[in-house]
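Listed in order, the protein sequences are those of chains X and Y. For the first sequence, position 278 (counting from the first letter as 1) is numbered 278 according to my numbering, and the numbering increases by one without interruption. To convert a position in the second sequence, counted from 1, into my numbering, add 1000.
There are 2 protein chains.
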Amino acid sequence: MPIAIAIHGGAGLSHKARLSPDHQEKCEHALRRCVLVGHEILQQGGKSLEAVRAAVVSLEECPLFNAGKGAVLNAQGEIELDASIMDGRDRSAGAVAALRTTRNPILAAHAVLKHSKHILLAGPGADHFATLHQLEQVQPDWFRTEKRWQQYLRVSGTETVALDHDTENVYGTVGAVACDVHGDLAAASSTGGMVNKKHGRLGDTPLIGAGTWADNRTCAVGSTGHGEYFIRTNAAARVSALMELGGLTLAEAAHRVACEEVPELGGAGGIIAVDHTGHIAMPFSTGGMFRAAVHPDGRVDVGVW
Amino acid sequence: MPIAIAIHGGAGLSHKARLSPDHQEKCEHALRRCVLVGHEILQQGGKSLEAVRAAVVSLEECPLFNAGKGAVLNAQGEIELDASIMDGRDRSAGAVAALRTTRNPILAAHAVLKHSKHILLAGPGADHFATLHQLEQVQPDWFRTEKRWQQYLRVSGTETVALDHDTENVYGTVGAVACDVHGDLAAASSTGGMVNKKHGRLGDTPLIGAGTWADNRTCAVGSTGHGEYFIRTNAAARVSALMELGGLTLAEAAHRVACEEVPELGGAGGIIAVDHTGHIAMPFSTGGMFRAAVHPDGRVDVGVW
């Protein structure tokens, strides 16, 4: 069976001029490294659930992306991290929201999937659950980079919420989708949310059906963008429904949601998706999307524009 | 144009013997009163969004149901309230989770829909937002009834989470769906969640797509039951997708989700739904569902079994 994996590091970027060649090269290098972490697991016969989890841990650890270390700060100058993961075999899922001390939110989401009767835990109860499951806890300022702090100081007190990097219109999220040697699908997403978001705001990333979806019968999907529009379009599960009920291909379904249905409501962003034959789709309606994929034939794609 | 409204007060109840005739009569009386509150607004030409909001406020104020006053207590013996509302005209939505001091969670969800760039606010930030919008705040023990406290004392320290009323297997939520004179649809849901739930657990009620969905092109849906299964089936938006993409009628789509897809994963519960012609469906896979409806011809339905 073909194996395949795709990851993203956020969408946005209206102008090429706003991304320096040096920064772009650093991001592309990191994306390549992170996608290969997941692909290595698939190559060794590992499960798609493990591959997406490992790829997202790598993205969380990389300070270039808005998840885990390097996440943006909310309107109070604090970190609040969200993540979710879904297993296409039985549609079991785990998600966490507004974490403040758990180093890798995707590991907390995975612990919820494995060990909880619940699917979504939010706030202090979610960090507490992660602690009970021996996940590493850090001080909130461990996540904070100087760049994010300066960014927060610039927008603090304004109503601006859509920015991620500096003056770039990036909706930062990270995510991964994979198809393993058994044809099983999985999806995972993680984020720090929007810069200057109101205390307690949850976007689409921790919401199963909006930010993350996986169903072996159709596809695994991760979305990134202005989360509210992905909630209103039920974006991730919608790609699956368009395939199952509407007869669309993976590419058609992902394009329709990311490039038609989300923009029709006024939103923007991108989607990564994979089906059980290893086909990958990565459409976006923004200027760019940080992304990487390893196709069934071993070809590695890394791109921004 | 025909007007119609349906409400529910939770599903569950495996045995008739566990619901006393006196308690059933009280519940049915309350359901009739609450559905008529919403219907009165529709009759006067009011919007479906206003009708579902008013009906849910009435249900929240009634201590018989697990929402607002009379809500269940979590594993810490505390109240955490969730609600969501969606407008089928443009799929705008608002939701709140883990409120502790806002008297009417559905009014907070509506304030998010009307006044926030965000869709979902959770925790102290959500109560704070409600305060900013002049919504009444109460002490947490205002919500607590003696019955709920005794129930908490019985299950505290155990792993039991699925109970609502005493020994009855009720998944308490309240909700409303309506079609107004303009053919516009809206849906609203509110809950205290599951008895003895872990701190921070969010079910399907605050999740747009799982617990609540409204789209003028298809239907308005509210779900009640074991929330985790309604998240994994993307229940509310799924009813809409089965109509739009699968060609099913409202009754067929609602039945398929509530009585086939949710039970296939091991879950149970019910759905209320209305389409733009005023057709109402109220299927459930549990022994009973507290429900009431006013059909386009003025007929009032109230039932449990």
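C-beta: ideal position from N, C-alpha, C; glycine also.
Counting along the chain, where does the beta strand (DSSP E) carrying residue i start and finish?
| i | result |
| --- | --- |
| Ser84(X) | 81-87 |
| Leu1250(Y) | Run containing Leu1250(Y): none in the beta strand (DSSP E); it sits in the alpha helix (DSSP H), 1250-1256. |
| Arg1291(Y) | 1288-1294 |
| Val1300(Y) | 1300-1303 |
| Cys179(X) | 174-179 |
| Gly269(X) | 269-275 |
| His1099(Y) | A quick correction: the sequence has Leu, not His, at residue 1099(Y). Counting along the chain, the beta strand (DSSP E) containing Leu1099(Y) begins and ends at 1092-1099. |
| Gly10(X) | 4-12 |
Locate the alpha helix (DSSP H) running through residue i, then write down its first and last residues.
| i | result |
| --- | --- |
| Thr1205(Y) | Looking at the DSSP string, Thr1205(Y) is not in any alpha helix (DSSP H), and its letter there is neither H nor E. |
| Leu132(X) | 124-132 |
| Val37(X) | 21-43 |
| Phe1230(Y) | 1227-1232 |
| Cys110(X) | It should be pointed out that residue 110(X) corresponds to His in this sequence rather than to Cys. Run containing His110(X): 105-115, per the alpha helix (DSSP H) assignment. |
| Leu242(X) | 235-244 |
| Val1052(Y) | 1048-1061 |
| Leu153(X) | 146-155 |
Hey, how far is the Cα of residue i from the Cα of residue j?
| i | j | result |
| --- | --- | --- |
| Ala281(X) | Leu250(X) | 7 Å |
| Asp22(X) | His29(X) | 11 Å |
| Leu1207(Y) | Ala293(X) | 30 Å |
| Val247(X) | Arg89(X) | The question names Val, but residue 247(X) in the sequence shown is Gly. If you take the alpha carbons of Gly247(X) and Arg89(X), they lie about 21 Å apart. |
| Arg33(X) | Pro2(X) | 21 Å |
| Asn53(X) | Leu1099(Y) | For the record, residue 53(X) in the displayed sequence is Arg; it is not Asn. Taking the straight line joining both Cα atoms gives about 31 Å. |
| Ser1116(Y) | Phe284(X) | 25 Å |
| Thr1361(Y) | Asn1074(Y) | Because residue 1361(Y) is not part of the residues shown, which for chain Y are 1001 to 1305, the question remains open. |
| Trp1305(Y) | Ala253(X) | 41 Å |
| Asp1082(Y) | Asp297(X) | 47 Å |
| Gln1150(Y) | Glu244(X) | 47 Å |
| His8(X) | Gln139(X) | 27 Å |
| His958(Y) | Glu25(X) | Residue 958(Y) lies beyond the stretch modelled for chain Y, which goes from 1001 to 1305, so this question has no answer here. |
| Leu1163(Y) | Val1155(Y) | Legend: pLDDT at Leu1163(Y) = 41, less than 50; position of this residue unreliable, value from coordinates given subsequently. Cα-Cα distance, rounded: 9 Å. |
| Asp204(X) | Ala210(X) | 5 Å |
| Lys1197(Y) | Ala1186(Y) | 29 Å |
| Leu132(X) | Ala111(X) | 10 Å |
| Ala258(X) | Leu1135(Y) | 36 Å |
| Ile271(X) | Pro1124(Y) | 31 Å |
| His1255(Y) | Gly1267(Y) | 14 Å |
| Val1037(Y) | Thr1191(Y) | 19 Å |
| Asp1157(Y) | Glu1078(Y) | Here residue 1157(Y) turns out to be Gly, not Asp, going by the sequence shown. So the alpha carbons of these two residues sit roughly 14 Å apart. |
| Cys1027(Y) | Asn234(X) | 34 Å |
| Leu19(X) | Asn104(X) | 27 Å |
| His1295(Y) | His39(X) | 56 Å |
| Thr1212(Y) | Arg299(X) | 42 Å |
| Arg1217(Y) | His182(X) | 39 Å |
Report back the beta-carbon spacing between residue i and residue j to the nearest angstrom; my notes put them in contact at under 8 Å.
| i | j | result |
| --- | --- | --- |
| Cys1219(Y) | Asp1301(Y) | Incorrect: roughly 18 Å between the Cβ atoms, too far for contact. |
| Glu1061(Y) | Ile1106(Y) | The pair is not a contact, with the Cβ atoms about 11 Å apart (cut-off 8 Å). |
| Glu261(X) | Ile1119(Y) | Contact flag wrong, Cβ pair sits at about 16 Å. |
| Ala11(X) | Met289(X) | 4 Å |
| Ala95(X) | Ser84(X) | 4 Å |
| Leu1265(Y) | Arg91(X) | 7 Å |
| Gly1068(Y) | Phe1143(Y) | 7 Å |
Please confirm if residue i has its CB atom under 8 Å from at least one CB of chain B.
| i | result |
| --- | --- |
| Arg1256(Y) | Reference to chain B is not applicable here, since the protein chains of this structure are X and Y. |
Pull out every residue of the region 1204-1223 of chain Y whose Cβ sits closer than 8 Å to any Cβ of chain X, in chain order.
Listed by position along the chain: Leu1207, Ile1208, Gly1209, Ala1210, Trp1213.
Check each residue of the region 1278-1294 of chain Y: if its Cβ is closer than 7 Å to any Cβ of chain X, include it; give the result in chain order.
none
Where the region 1183-1202 of chain Y meets chain X: residues whose CB sits under 8 Å from a CB there
Lys1197, Lys1198, His1199, Gly1200, Arg1201, Leu1202
Selection of the region 1121-1143 of chain Y by Cβ proximity to chain X, strictly under 8 Å
Result list: Leu1121, Ala1122, Gly1123, Pro1124, Gly1125, Ala1126, His1128, Phe1129.
Determine which residues of the region 97-121 of chain X have a Cβ less than 8 Å from any Cβ of chain Y, and write them out in chain order.
Ala97, Ala98, Ser116, Lys117, His118, Ile119, Leu120, Leu121
Check each residue of the region 1228-1242 of chain Y: if its Cβ is closer than 8 Å to any Cβ of chain X, include it; give the result in chain order.
Glu1228, Ile1231, Arg1232, Thr1233, Asn1234, Ala1237, Arg1238, Ala1241, Leu1242
Looking at chain Y, which residues of the region 46-75 of chain X have a Cβ within less than 7 Å of any of its Cβ atoms?
Taking 7 Å as the Cβ-Cβ cut-off against chain Y, none of the residues of the region 46-75 of chain X qualify.
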